[in-house]
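Here the sequence shown stands for residues 367 to 419, where the numbers follow the working numbering. C-beta atoms are modelled at their ideal positions from N, C-alpha and C, and glycine is treated no differently.
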Amino acid sequence: MNIVFLQYIHSRKNQNQSLEVQQEIIQAIIIQQYHEISEQLTTLQSLINSLKR
């Protein structure tokens with residue numbers, strides 16, 4: 367995870383966490399993980415394609 371994102375999460379955790387804030391944090395984490403997985407799948411697909419040649 368990138369540093370800006372971690373700082374955002376940390377700043378939100380320091381506040382009183384309403385259910386809405388907790389949901390925002392979870393959604394942000396899910397979106398970040400989705401992007402990380404997408405990048406990994408793209409890399410994996412490239413590796414597979416290079417092995418096929």
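- For residue 368, the three-state secondary structure derived from DSSP is coil.
- The beta-carbon distance between residue 392 and residue 375, rounded to whole angstroms, is 10 angstroms. This is too long to meet the 8 angstroms contact definition.
- Here the alpha carbon of residue 397 sits roughly 24 angstroms from the alpha carbon of residue 413.
- The shortest CA-to-CA distance from residue 371 to any of 388, 384, 394 is the one to 394.
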